[in-house]
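Heads up, the sequence shown is in our numbering, so the first residue is 18 and it goes up one at a time. Note that beta-carbon positions come from the ideal geometry of N, C-alpha and C, so glycine has one too. Since the structure comes first, as structure tokens, the remarks are kept for the end.
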Amino acid sequence: MKNHQTQVRVRYSETDQMGVVYHGNYVPYFEIGRVEWLRNKGISYKSMEESGIGLPIVSMQINYKKSARYDELLTIHTTFKSQSSVKIEFDCEIYNEANELLTTAVFILVFISLKTGRPTAPPDYILELFKTLT
18 MKNHQTQVRV
28 RYSETDQMGV
38 VYHGNYVPYF
48 EIGRVEWLRN
58 KGISYKSMEE
68 SGIGLPIVSM
78 QINYKKSARY
88 DELLTIHTTF
98 KSQSSVKIEF
108 DCEIYNEANE
118 LLTTAVFILV
128 FISLKTGRPT
138 APPDYILELF
148 KTLT
């Protein structure tokens with residue numbers, strides 16, 4: 018399955034005085050979506066890091082369509098888009114409880130060696146996962 022959904026409730030600390038989610042808080046929401054996408058595929062991000070592999074963001078595009086608000090239950094849709102040598106790309110969307118599209122995003126991440134900080138090929142178990150998605 019190329020996509021996965023997870024939910025998060027907007028906390029008061031993530032909003033401004035008007036109860037609207039601060040734009041910078043969407044990035045952590047999308048991160049929750051990507052980590053849960055991996056977990057859903059049987060991959061622990063924590064274990065991946067413990068084995069010496071990191072997955073930092075190298076590019077992101079976010080399009081804000083409508084505000085998320087305090088105490089709303091948001092649904093984060095994370096969809097695998099593509100993979101090439103050391104990169105992986107995701108399309109993401111956030112919806113509110115009324116199923117209104119609030120935000121879209123595209124993220125490109127690169128597999129790196131945590132020891133060297135340099136790009137590296139994904140581990141074999143991740144390459145096997147990619148084969149099932151294409």
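Rounded separation between residue i and residue j - CA only
i	j	result
L131	K19	27 Å
D88	N113	10 Å
T149	E48	23 Å
P139	H94	23 Å
C109	T96	6 Å
Y81	L119	6 Å
P73	M65	12 Å
K104	Y142	15 Å
Buried or exposed (CB count within 10 angstroms, at least 16 for buried), residue i
i	result
Q100	buried
V44	exposed
Y46	buried
T32	buried
V91	It should be noted that the sequence gives Leu, not Val, for residue 91. Looking at its Cβ environment, which holds 16 or more other Cβ atoms inside 10 Å, L91 is buried.
Candidates the options: closest to residue i by CA position
i	options	result
V27	A85, I111 and I143	A85
Test: residue i CB closer than 8 Å to a CB of chain B
i	result
R26	In the displayed structure, chain B is absent; only one protein chain is listed.
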